[in-house]
Amino acid sequence: MQSRHLIDLSDLSVAEWEEITSLACDIRENIDSYYGACRGKILATLFYEPSTRTQMSFQTAMLRLGGRIIGFDNPANSSVAKGESLKDTIRVVSGYSDIIVMRHPVAGAAKAASLYSRVPIINAGDGGHLHPTQTLTDLVTLRHEKGTFSGLCIGLCGDLKNGRTVHSLIKALAGFPGNSFVLVSTPYLQVPGYIKDFLSAAGAPWQEVDNLADAMPLLDILYMTRIQRERFASEEEYMSQRGVYVLDSAKMSMAKKDLIVLHPLPRVDEISVDVDDDPRAKYFEQTEYGLYARMALIMKMVKASDKQLCPLPTGVDIQCSNPNCITYSETYIPHIFRKKGDILVCDYCEERTLL
Amino acid sequence: MQSRHLIDLSDLSVAEWEEITSLACDIRENIDSYYGACRGKILATLFYEPSTRTQMSFQTAMLRLGGRIIGFDNPANSSVAKGESLKDTIRVVSGYSDIIVMRHPVAGAAKAASLYSRVPIINAGDGGHLHPTQTLTDLVTLRHEKGTFSGLCIGLCGDLKNGRTVHSLIKALAGFPGNSFVLVSTPYLQVPGYIKDFLSAAGAPWQEVDNLADAMPLLDILYMTRIQRERFASEEEYMSQRGVYVLDSAKMSMAKKDLIVLHPLPRVDEISVDVDDDPRAKYFEQTEYGLYARMALIMKMVKASDKQLCPLPTGVDIQCSNPNCITYSETYIPHIFRKKGDILVCDYCEERTLL
Amino acid sequence: MQSRHLIDLSDLSVAEWEEITSLACDIRENIDSYYGACRGKILATLFYEPSTRTQMSFQTAMLRLGGRIIGFDNPANSSVAKGESLKDTIRVVSGYSDIIVMRHPVAGAAKAASLYSRVPIINAGDGGHLHPTQTLTDLVTLRHEKGTFSGLCIGLCGDLKNGRTVHSLIKALAGFPGNSFVLVSTPYLQVPGYIKDFLSAAGAPWQEVDNLADAMPLLDILYMTRIQRERFASEEEYMSQRGVYVLDSAKMSMAKKDLIVLHPLPRVDEISVDVDDDPRAKYFEQTEYGLYARMALIMKMVKASDKQLCPLPTGVDIQCSNPNCITYSETYIPHIFRKKGDILVCDYCEERTLL
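Protein chains in written order, with this note's numbering: chain A, 8 to 362; chain B, 8 to 362; chain C, 8 to 362.
Below, the structure is given as structure tokens:
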């Protein structure tokens, strides 16, 4: 792989993630023949904030490959509570394990951890910043259920402002020919401007609508997300709009015969239970595709890797302007940026700072 | 098996549970030869209320068969905390695993889960309602220690009102010839009327006494249970009666030479520590028999099963009269009942509702 | 082994721990060939107080040997919370497992547990009392990094009063010829008198100093420990002395070329991050040596052991004078002492009581 770690989906070349989605498909068909592929290997799941489902999905992936698992899901019980730095924890755990999956509440934590790890790190979420294996899951699901990444009309509905998996999916699919996007949300929960810019720059047609029913007939794919009551601008707005973003049988009846409905789960009430029995509902299958995607990813990353510590990059004496960046809480980390014109982009949290 | 799931002991025919107790005996003798029987299989332990001991017992059973384990014991950290329904959790986890063990605080939860699971479900307790593997454990212990299920005088002592394992054991043993029952408890903690009716209908002699010492000489088996201070009608009653239900060396000296003493554990102080060294005390061995029973059960259930979702039964528009029934908290579940004369018996929680 | 259990390092003869450190070295070189050495065996980690790092280290050791793990790290969820005695928990878990690792907040708990266990017990810490596998880790590190246990000048710095790993290491090394000791701490945090007596009796030269910089040029080994702000006699003393006990690059520049720096981790700020890149810093490697040490120990103890319960020793009617001794909280344990002149030494917590 071009990188030893998977922090962001951009760590994978298109060839690499096509290879992984293809391997995931083969695992799905022949899962038993992959038992033993990680025999004797240990996956550490370091969950600095609990997320049972995500942790269980990675654990299952490793166990189905014949590997073993260690880890924690409650930093209150760990050395962290004694004041240990991220660097020290990673140095120690990368001495115990062959691959690390990490979830952390602070933006850039996985990238920071990768500097000090002797084994590959997979980012399983860093504070709403990135969550590349969810996007990989979505792509494996599309590959299977649609057989193509091109020529699709993709609807995304719900909280499009805060959901980074939505942003990643848009970026991944905008690069394929013939895709168009319908963005369904309240004015308050629209996708950020830079995503719209990205779509326009990629030449992908897109439109914003505020009503799911209107969008239904157009779609080949409908990607639903949780939209939380507290995310509406006011209680009044919530009361007036609840139901507009709930997918139910009535709305399904307006859709194409070969629509597929996805959702990263858990859902609350944004999809009615009566949709579950519709053969176009694929969100439960999606979690299984996620398992195969993670198996493929772990296999590839464990195989590619010798235990080694890479040289630390040299930092600069500039502080990132995002106060939730990992460089604030872990002060010894070298500050590194990419320069884009007169803007510095933080290598950890992607925040843009004007010089 | 006649059912894919083990929700209640009645899911097993007598032939089946005799087969399982027999297999458990063979596992006890030849445990090493069963390592590998569940190679590559995954057991999920979903503990919606924590019970380390029960969870550890199932985990050990699966590991001794060469299988692997995933799961949670703290719903506060899980998707449940985000408002996920039982159905969704089960749909997802049954995509990850080959068999699920589940404990839940609400009556009927395991039955409800079984409707949405693609893999077999074992009920490890649903709110004091049912706990069939404890009864299986008790039966394996009897088979080993007594060599028979017939012709026994069985004493049960302590909280006979709330202890469902006691009720299940009585129902299982009442069907064998020549058994008689001595029920030792305070008036306030007596077995419910329907259990007495069951015994009478089965033609099994039974008596209620309020003094353990009086019963001791009669018994072939003494099944002790935890009796909690707060379960007495008043503090006065507790103070006047404490000691009456404590098994100690003095009481043991009145008993038969081949008595066996059982207890589902953990105990608090209802059995004195000095009884532990009496060779008739079998409660620690009992936990090991429980391990073999669970190994036998898991082996049998995993082997029998293909991953599949059964068609959902059709519900009726009647609400169960038990407010602690799972149909209240998980509202999408079809309401199903068995009709007995003019009474409806809820399929989830066994509550009887008069039409 | 001379004992089935490892409660204190003195349970191992010198020949035995040399055998274990030697095995640990071989495991380090050929780790893959040890996978399978504990196939089918189960390690239970019973952590009555959480310590994720220690637990993870033992779990990794067992998994790298091909064994399996069960256990708990949160007694609030366990049968303990229902009032179960240590004895009962150990009786049950030793029926499930092949070896137990135990951490407990009360002095003597591991020794007490060993009386009731059918499988070997490893003490992973009992209330600051003993922690023998940390000392084993330190010895394996020395063997590797120095190639000898003799002729060394050993500095120990920080909290030398409360750190039992420091005391154990001193006692283990004082027995080898040609070793001398430099004890660096505040007056308030000096090693206890009995350790100084031990050193003098063993004929090992030692000195106490209060300044780390002065000691640096003398040392072959520097063993750093966490020194907590609240451990200083007053805030003033802390403010005036902070920095005196912090190891940084400046102090490293005064040291020998072949010094090695150890630390049991986690560290807080007693070693500057800039020391990490000094090749003499061995504290991260030390955690890996700890893994090999634990693998060697588990292998040896599992192999040596049949499941059996040893006869209980006979106690005396004397109460230990240490109110934090396990005999206070677990009242059924026989009280046993070693007699030294007119002093009784408690077999559980090592407290000395004058007759």
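The beta-carbon is built from N, C-alpha and C at its ideal position, and this holds for glycine as well.
### Task
List the endpoints of the continuous beta strand (DSSP E) containing Ser187 of chain C.
Residue mapping note: residue 187 of chain C aligns to position 180 of the third sequence, counting from 1. Start and end: 187-191.
### Query
Which of helix, strand or coil does DSSP assign to Phe54 of chain B?
Reading the second sequence from its first residue, position 47 is the one you call residue 54 of chain B. Three-state result, Phe54 of chain B: strand.
Tell me Ile5 of chain A's beta-bridge partners as DSSP assigns them.
Residue 5 of chain A cannot be examined here, being either before or after the span of chain A that is shown, 8 to 362.
DSSP three-state label for Ile333 of chain C, please.
Residue numbering aside, residue 333 of chain C sits at position 326 when the third sequence is read from its first letter. Residue state, collapsed to three classes: helix.
- Query: Comparing the C-beta of Glu56 of chain C with each C-beta of chain D, is any distance below 8 angstroms?
  - Reply: Although the question refers to chain D, the structure presented lacks it and instead comprises the protein chains A, B and C.
TODO: Give the C-beta separation of Thr232 of chain C and Gly170 of chain C to the nearest angstrom, bearing in mind that I take them to be a contact with Cβ-Cβ under 8 angstroms.
DONE: On the third sequence, residue 232 of chain C is found 225 positions in, with the first residue counted as 1. On the third sequence, residue 170 of chain C is found 163 positions in, with the first residue counted as 1. Yes, they are in contact, since the Cβ atoms of Thr232 of chain C and Gly170 of chain C sit about 5 angstroms apart, within 8 angstroms.
Checklist line | Reduced DSSP category for Asp133 of chain C - H, G, I as helix; E, B as strand; rest coil | finding: Translated into the one-based positions of the third sequence, residue 133 of chain C becomes position 126. Residue state, collapsed to three classes: strand.
* Beta-carbon spacing of Ile350 of chain C, Val113 of chain C below 8 angstroms -> Within the third sequence, numbered from 1, the residue matching residue 350 of chain C stands at position 343. Within the third sequence, numbered from 1, the residue matching residue 113 of chain C stands at position 106. With contacts defined by Cβ atoms closer than 8 angstroms, Ile350 of chain C and Val113 of chain C do not form a contacting pair.
For the region 284-296 of chain A, enumerate the residues whose C-beta is nearer than 7 angstroms to any C-beta of chain C, in chain order. none
* Beta carbon proximity, Tyr103 of chain C to chain B, threshold 8 angstroms -> Looking up residue 103 of chain C in the third sequence gives position 96. Using a CB distance cut-off of 8 angstroms, Tyr103 of chain C counts as an interface residue toward chain B.
Listing by chain order, which chain B residues have their CB less than 7 angstroms from the CB of Thr144 of chain A?
-> For the purposes of this step, residue 144 of chain A is taken as residue 137 along the first sequence, with counting starting at 1. Neighbours of Thr144 of chain A on chain B: none; closest Cβ ~12 angstroms, over 7 angstroms.
Check: How long is the line joining the alpha carbons of Gly78 of chain B and Asn331 of chain C, rounded to whole angstroms?
Finding: Here residue 78 of chain B refers to the residue found at position 71 of the second sequence. Here residue 331 of chain C refers to the residue found at position 324 of the third sequence. Going by the C-alpha atoms only, they are around 36 angstroms apart.
From B:Thr193, B:Leu159, B:Thr155, B:Asp145, pick the residue whose C-alpha is nearest to that of Val173 of chain B; which is it?
Numbered from its first residue, the second sequence carries residue 173 of chain B at position 166. Considering only alpha carbons, the answer is B:Asp145.
Practice prompt. Using three-state DSSP, classify Ile343 of chain C as helix, strand or coil.
Written response: For the purposes of this step, residue 343 of chain C is taken as the residue at position 336 of the third sequence. Residue state, collapsed to three classes: coil.
Practice problem: Using the Cα positions of Ser121 of chain B and Tyr103 of chain B, report the straight-line distance between them to the nearest angstrom. | Solution: Position 114 of the second sequence, counting from 1, holds the residue named residue 121 of chain B. Position 96 of the second sequence, counting from 1, holds the residue named residue 103 of chain B. If you take the alpha carbons of Ser121 of chain B and Tyr103 of chain B, they lie about 15 angstroms apart.
* Can you tell which of B:Asp227, B:Tyr252, B:Ile228 has the C-alpha that lies nearest to the C-alpha of Arg238 of chain B? -> Against the second sequence, residue 238 of chain B aligns to sequence position 231. Arg238 of chain B has its Cα closest to that of B:Tyr252, out of B:Asp227, B:Tyr252, B:Ile228.
Exercise for the section: Would you decide whether Leu440 of chain C is buried or exposed? Buried here means 16 or more other CB atoms lie within 10 Å of its CB. Expected result: Residue coverage of chain C in this structure runs from 8 to 362, which leaves residue 440 of chain C outside it and unanswerable.
Does Glu215 of chain A come out as helix, strand or coil in the three-state DSSP assignment? For the purposes of this step, residue 215 of chain A is identified with residue 208 of the first sequence, where counting begins at 1. Three-state result, Glu215 of chain A: strand.
Practice problem: Give the secondary structure of Cys353 of chain A by DSSP, where H, G and I count as helix, E and B as strand, and everything else as coil. | Solution: Reading the first sequence from its first residue, position 346 is the one you call residue 353 of chain A. Correct three-state label for Cys353 of chain A: strand.
When DSSP builds the beta bridges, which residues end up paired with Ile202 of chain B?
Translated into the one-based positions of the second sequence, residue 202 of chain B becomes position 195. Paired residue(s): none; Ile202 of chain B is not in a bridge.
Q: State yes or no: is the C-beta of Ile27 of chain C within less than 8 angstroms of the C-beta of Ala303 of chain C?
A: As a first step, residue 27 of chain C is located in the third sequence; it is residue number 20 there, counting from the start. As a first step, residue 303 of chain C is located in the third sequence; it is residue number 296 there, counting from the start. Closer than 8 angstroms, so yes.
Next on the checklist: So if DSSP puts Val269 of chain B in a beta bridge, which residue, or which two residues, is it bridged to?
Outcome noted: Counting from 1 along the second sequence, the entry for residue 269 of chain B is found at position 262. The sequence given here has Leu at residue 269 of chain B, not Val. Paired residues: B:Tyr230.
Continuous alpha helix (DSSP H) assignments of at least 4 residues falling wholly in the region 231-315 of chain A:
Runs of the alpha helix (DSSP H) lying entirely within the region 231-315 of chain A, each at least 4 residues long, are 242-248, 256-259, 290-310 in chain order.
- Counting pairs of Cβ atoms below 8 angstroms between the region 214-232 of chain C and the region 178-193 of chain C, do you hit three or more? Segments in contact, yes.
Review point. So, Gly47 of chain C versus Asp39 of chain B, is the Cβ gap smaller than 8 angstroms?
Key: Looking up residue 47 of chain C in the third sequence gives position 40. Looking up residue 39 of chain B in the second sequence gives position 32. For Gly47 of chain C and Asp39 of chain B, yes; Cβs fall inside 8 angstroms.
- prompt: For the region 329-344 of chain B, which residues have a CB atom closer than 8 angstroms to at least one CB atom of chain A, in sequence order?
  reply: Per Cβ criterion, the list reads Tyr339.
Within 8 angstroms, strictly: CB atoms of Lys178 of chain A and Pro199 of chain A:
Along the first sequence, one-based indexing puts residue 178 of chain A at 171. Along the first sequence, one-based indexing puts residue 199 of chain A at 192. Taking 8 angstroms as the Cβ cut-off, Lys178 of chain A and Pro199 of chain A do not qualify as a contacting pair.
field: Counterpart residues of Thr360 of chain A in DSSP-defined beta bridges
entry: For this step, residue 360 of chain A is matched to residue 353 along the first sequence. Answer is A:Leu351, bridged to Thr360 of chain A.
Apart from the five residues on each side of it in sequence, which residues of its chain come closer than 6 angstroms, Cβ to Cβ, to Tyr195 of chain A? The residue you call residue 195 of chain A lines up with position 188 of the first sequence. Closer than 6 angstroms at Cβ, skipping near neighbours: Ala240.
Fill in: Helix, strand or coil at Val108 of chain B according to DSSP, with G and I counted as helix
Your numbering for residue 108 of chain B matches position 101 in the second sequence. Looking at Val108 of chain B - three-state DSSP - the assignment turns out to be strand.
Worksheet entry | Which listed residue (B:Ile14, B:Pro127, B:Lys203) has its alpha carbon closest to that of Gly134 of chain B | By 1-based counting over the second sequence, the position of residue 134 of chain B is 127. If we check each option's Cα against that of Gly134 of chain B, B:Ile14 comes out closest.
Determine the burial state of Gln293 of chain B: buried for a count of at least 16 other Cβ atoms within 10 Å of its Cβ, exposed for fewer. Sequence index remark: in the second sequence, residue 293 of chain B carries index 286 (1-based). Classification for Gln293 of chain B: buried.
*Tell me whether Arg75 of chain A sits in a helix, a strand or coil according to DSSP, three-state version.*
For the purposes of this step, residue 75 of chain A is taken as residue 68 along the first sequence, with counting starting at 1. Reduced to three states, the DSSP call for Arg75 of chain A is strand.
**Item:** Continuous alpha helix (DSSP H) stretch holding Tyr103 of chain A: start and end
**Value:** On the first sequence, position 96 is the one that residue 103 of chain A refers to. Unbroken alpha helix (DSSP H) run through Tyr103 of chain A: 93-103.
### Message
Ile305 of chain B and Cys32 of chain B - do their beta-carbons sit closer together than 8 angstroms?
### Response
Here the question's residue 32 of chain B lines up with position 25 in the second sequence. Here the question's residue 305 of chain B lines up with position 298 in the second sequence. No, Cβ-Cβ distance for Cys32 of chain B and Ile305 of chain B is not below 8 angstroms.
Glu91 of chain B touches chain A at which residues, Cβ-Cβ below 9 angstroms?
Start at 1 with the first residue of the second sequence, and residue 91 of chain B comes out as number 84. Within 9 angstroms Cβ-Cβ: Arg60, Leu272, Pro273, Arg274, Val275.
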